[in-house]
Structure formats: C-alpha cells, structure tokens
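Undergrad: This is the structure I want to talk about, given as structure tokens.
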Amino acid sequence: MNHTPAPPEFDRFRQLMTQAVDGELKPEEQTEFDRLLAESPERRQEWKEHQKMKAMTMSMHYAEPPPEVWDRYWIGVYRRLERGAAWILTSIGAMILLFYGGYKLLEEIMHEPELPWLIKGGIVVLLAGLVILFVSVAREKLFTRKTDPYQEIQR
Amino acid sequence: MELVLQPNENVPDRDERLAFERCQAGDPQAFGLIVTKYMKQAYYTALGLVGNHEDALDLSQEAFARAFKARARFDPNQRFFTWYYKILRNLCLNHLRDRSRAARTASIAGEEGSEGRMLELADEHADPARQTEMADLNRQLWRAMDELEPEEREVLVLREVENCAYQEIAERLDIPAGTVMSRLFYARRRLKEVLEASL
Numbered sequence: 001m002n003h004t005p006a007p008p009e010f011d012r013f014r015q016l017m018t019q020a021v022d023g024e025l026k027p028e029e030q031t032e033f034d035r036l037l038a039e040s041p042e043r044r045q046e047w048k049e050h051q052k053m054k055a056m057t058m059s060m061h062y063a064e065p066p067p068e069v070w071d072r073y074w075i076g077v078y079r080r081l082e083r084g085a086a087w088i089l090t091s092i093g094a095m096i097l098l099f100y101g102g103y104k105l106l107e108e109i110m111h112e113p114e115l116p117w118l119i120k121g122g123i124v125v126l127l128a129g130l131v132i133l134f135v136s137v138a139r140e141k142l143f144t145r146k147t148d149p150y151q152e153i154q155r
Numbered sequence: 001m002e003l004v005l006q007p008n009e010n011v012p013d014r015d016e017r018l019a020f021e022r023c024q025a026g027d028p029q030a031f032g033l034i035v036t037k038y039m040k041q042a043y044y045t046a047l048g049l050v051g052n053h054e055d056a057l058d059l060s061q062e063a064f065a066r067a068f069k070a071r072a073r074f075d076p077n078q079r080f081f082t083w084y085y086k087i088l089r090n091l092c093l094n095h096l097r098d099r100s101r102a103a104r105t106a107s108i109a110g111e112e113g114s115e116g117r118m119l120e121l122a123d124e125h126a127d128p129a130r131q132t133e134m135a136d137l138n139r140q141l142w143r144a145m146d147e148l149e150p151e152e153r154e155v156l157v158l159r160e161v162e163n164c165a166y167q168e169i170a171e172r173l174d175i176p177a178g179t180v181m182s183r184l185f186y187a188r189r190r191l192k193e194v195l196e197a198s199l
C-alpha cells in the first residue's frame, strides 16, 4: 500500500467537501462539514463550484458499442490464448529440431577425416559457448518469471 | 467449444469461484464464464483510460489473456476484477505512454482522444437543440479530461462513470482512501481550470 500523505493544501474542509459531494460523509462528519461551511463565505463559494463540477462529470456515461462487439469478444480472448499455446509448442519443436540438427552436424564434422583438428576444436568450443549462453539466458528468464512481481507490466 | 458468449454480469460468485478453479486446472472454456461476467466492465474501464474503441477492445482482451496466463498467481480470496484491473491498468498506462511518445515523434495532433471516445451525456429525451448543446458540452468535457494526468482521469472515471465507492477505488489502485479523496479533489479542480481556459 502506498501511504503518501495528502498535500498540505488538501485540508480537512476540502476532504469533507469531496466526501460530501460524493455522498460519502458519515453523520458526525456532516455536522463538522456544516459547521465549517457556516463559518466562511469563501468555503460556501468553493462548495458551490465543486457541486457544479460534480453535476457536470456525473452526467457522463458510456454509449453502448454495437452488439457484435460482445459477440466477438470471447473469440478475441480465446484466439489470444490459443496463439499463446501455439507459440510455446512451435518454440519447443523448433528447439528440438535445432538441437538435433546441431548434434548431427557436429557428429559429421567430427568424423570428417579431411578437416584439421584445430578447426574441429574451434567448432566444439563455439558450440559449447552457444549452449552455455542459451542455458544461462533460459535460466535467467525462468527465474525472473517465477520471482518478478511486475511481470504483467509491459515496460 | 462455444466461441460466441454473451455478457452476463449476473454470474453468481460461487459459480465464478468454481470456474476459476477449473481454469486454474488449465480449462480455457471455464475462463470464458469469467470473461462474460467482466467483459463489459473491462472494456469500459479501458475506454475511460485510453478513449478509443479499438484500443479499449484490444487492451481489455489482451489483459484477459495475460490474466489467464498468470492464473496460478491469483489468490482466490481476492476479487477477480481487482486483480485483473491491475493488469489492465498497466497495459493501458503503457499504451498511453507509447502513444504520447509516438505522437510527439510524429507531431500528429488530434488523431485520437475526445473525438474517438464513445461517450455521451445521458439525456435521451431532451429536445434536439438541447441534445446538440449537451453533445458540445460532452466534447468539451472529454477534451478537458484528455488534458488531465492519466491518474487524475482514471480516478474521475472510476468515481463518476463506474460509480465506484472510495474503498473500491482504493483497493483497485492500491492506495489509501485518503489519497483517493485528494486525487479526486485535485482532478476536479484541474478539470475546472482546463474547462475555464477553453471557454
């Protein structure tokens, strides 16, 4: 919870006035508000203007969109869920194929008698680096996903 | 799989809880029941914040999809909409930030905002002259609302359009009730200043 105190100019009268205009005053607060109002013509003027603003903003309402919007609403949400699952499956499939292809390629290179050992060693080191990088990024993502309280926030 | 579901705000809390349990077990169709209960509220909340029909539709649907993905973290003792609102609010505020950045970059003025907002003043029985007058006032009001900070606009929409009590606003925005009151006071005062400056 954010416990930021209200700015100083937001005094007791203005707090009660806001509650009064929104119909959120308790009986004892109503008595206090009436007393504060009776004390000052400036407050009565401010109260009048505040009521006027309230009347204006209260008269706003939403126009109904066409009924088709509601017919299509769940489909829209469902397609997003479906696509989310499809992306996960596609990614897993692509990773399996990529790893298998990489393994086969490495196997072939290692059994190539013409290729110098230095090149073979370079390829092995490069692939080892890529695997470590992949595991590191995947672990970080997984860890953030489990612990980040702001993950729904699109930064 | 039924894909056309009509809004139904009267889904009992018990059915909603059961649906969420099924949904937490991975049943997207059960999530449909929850969506039907809150789709209108979600759409209008987004509309109040972003002021554009297409964006409000897109953002509210995206927030439902994210809520489904994050369903394991939902505490069943909490109200669904309070939890969902935080996801939706973040999406809307990020969208507004990106939109204002894009607008600044492209220097496009008046593309969206009050004209795109599907809001009107309530008086269906007024005579045509009065209706025109009210429509003008409504346009002015929404132009003025667009001048407010998103947090000010949000608190006014929650109070005046969605008729939320202070406690509900405090829960949704995760702020004390005292801050709700001060934010409302300053939002109204700022709205008045903007309206006076435009007249």
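Those sequence lines, one after another, are chains S and U.
Residue 1 is where the first sequence starts when you use my numbering, and the numbers rise one by one after that.
Residue 1 is where the second sequence starts when you use my numbering, and the numbers rise one by one after that.
Where a beta carbon is used, it is the ideal one built from N, C-alpha and C, also for glycine.
Quick caveat, the model's predicted, so the values are computed rather than measured.
(1) Report the rounded CA-to-CA distance for ASN163 of chain U versus ALA20 of chain S, giving the unit in angstroms.
(2) Could you round the C-beta distance between PHE31 of chain U and PHE81 of chain U to whole angstroms and report it? I think they count as a contact, below 8 Å.
(3) Have a look at U:TRP142, U:LEU173 and U:LEU148 and flag the residue whose alpha-carbon is nearest the alpha-carbon of ASN52 of chain U.
(4) Spatial neighbours of GLU161 of chain U within its chain, please: C-beta separation below 7 Å, excluding the five flanking residues on both sides.
(5) Can you name the residues of chain S whose CB is closer than 8 Å to the CB of LEU5 of chain U?
(6) Would you mind telling me which residues of chain U sit closer than 7 Å to ARG14 of chain S, beta carbon to beta carbon, in chain order?
(7) Is it the case that the stretch 47–57 of chain S contacts the stretch 11–26 of chain S, given that we only count it when at least three CB pairs across the two stretches are under 8 Å?
(8) Measuring straight from C-alpha to C-alpha, what distance separates ALA187 of chain U and ALA55 of chain S?
(9) Which runs of the alpha helix (DSSP H) spanning at least 4 residues fall entirely within the stretch 20–76 of chain U, listed in chain order?
(10) Whole angstroms is fine: what's the gap from LEU5 of chain U's alpha carbon to GLY76 of chain S's?
(11) Nearest-angstrom Cα distance between ARG71 of chain U and PHE20 of chain U?
(12) So with CB distances below 7 Å, who are the chain U contacts of PHE33 of chain S?
(13) How big is the Cα-Cα spacing for GLY122 of chain S and LYS104 of chain S?
(14) Does LEU81 of chain S have its Cβ less than 9 Å from a Cβ in chain U?
(15) Between the stretch 46–64 of chain S and chain U, which residues of the former have CB atoms less than 8 Å from a CB of the latter, in chain order?
(16) I'd like the list of long-range same chain contacts for CYS23 of chain U, defined as Cβ closer than 8 Å, with 5 residues on each side in sequence excluded.
(17) Between the stretch 143–161 of chain U and the stretch 79–94 of chain S, can you find at least three pairs of beta-carbon atoms closer than 8 Å?
(18) According to DSSP, is ASP174 of chain U part of a helix, a strand, or is it coil?
(19) Nearest-angstrom Cα distance between ARG130 of chain U and LEU137 of chain U?
(20) What does the alpha-carbon distance come out to for the pair GLU193 of chain U and ARG17 of chain U?
(21) Within the 9 Å Cβ cut-off, does GLU24 of chain S reach chain U?
(22) Leaving out five residues on either side along the sequence, give the residues of the same chain with a beta carbon under 6 Å from the beta carbon of VAL155 of chain U.
(23) Can you give the Cα-Cα distance for ARG72 of chain S and LYS26 of chain S, rounded to whole angstroms?
(24) Mind listing which residues of the stretch 59–93 of chain U have their C-beta closer than 7 Å to chain S's C-betas, in chain order?
(25) I need the straight-line Cα distance from HIS111 of chain S to ALA94 of chain S, nearest angstrom please.
(26) Is there a Cβ of chain U sitting closer than 9 Å to that of THR90 of chain S, yes or no?
(27) To the nearest angstrom, report how far apart LYS86 of chain U and GLU171 of chain U are at their CA atoms.
(28) Mapping the DSSP letters down to three states, classify LEU134 of chain S as helix, strand or coil.
(29) Give, in chain order, every residue of the stretch 30–47 of chain U whose Cβ lies closer than 8 Å to some Cβ of chain S.
(30) Is DSSP giving GLY23 of chain S helix, strand or coil here?
TA: Looking at the coordinates:
(1) 15 Å
(2) About 14 Å; that fails the 8 Å criterion.
(3) When C-alpha distances from ASN52 of chain U are compared across U:TRP142, U:LEU173 and U:LEU148, the shortest belongs to U:TRP142.
(4) It should be noted that the sequence gives Val, not Glu, for residue 161 of chain U. The answer, listed in chain order, is GLY48.
(5) Correct list: TYR73 and TRP74.
(6) PHE185
(7) By the Cβ test, the stretch 11–26 of chain S is in contact with the stretch 47–57 of chain S, since at least three Cβ pairs between them sit closer than 8 Å.
(8) 14 Å
(9) DSSP runs (the alpha helix (DSSP H)) wholly in the stretch 20–76 of chain U: 28–50 and 53–69.
(10) Taking the straight line from one Cα to the other gives about 11 Å.
(11) Answer to the nearest angstrom: the Cα atoms are 8 Å apart.
(12) Those within 7 Å of PHE33 of chain S in chain U number zero; the least Cβ separation is about 13 Å.
(13) 17 Å
(14) Closer than 9 Å: yes.
(15) GLU49, HIS50, MET53, LYS54, MET56, THR57, MET58, SER59, MET60, HIS61, TYR62 and ALA63
(16) ALA30, PHE31, ILE34, PHE68 and ARG71
(17) no
(18) coil
(19) Rounded to the nearest angstrom, the gap between the Cα atoms of ARG130 of chain U and LEU137 of chain U is 10 Å.
(20) Our two residues, GLU193 of chain U and ARG17 of chain U, have alpha carbons roughly 45 Å apart in a direct line.
(21) For GLU24 of chain S, the nearest CB of chain U lies under 9 Å from its own CB, placing it at the interface with that chain.
(22) ARG183, LEU184 and ALA187
(23) Looking at the two C-alpha atoms, the distance is approximately 44 Å.
(24) Hits within the stretch, in order: GLN61, GLU62, PHE64, ALA65, ARG66, PHE68, LYS69, ALA70, ILE87, ASN90 and LEU91.
(25) 26 Å
(26) no
(27) 10 Å
(28) Sequence inspection shows Phe at residue 134 of chain S; the Leu mentioned does not correspond to that position. If DSSP states are grouped into helix, strand and coil, PHE134 of chain S belongs with the helices.
(29) PHE31, GLY32, VAL35, THR36, MET39, LYS40, TYR43, TYR44 and LEU47
(30) For GLY23 of chain S, the three-state secondary structure derived from DSSP is coil.
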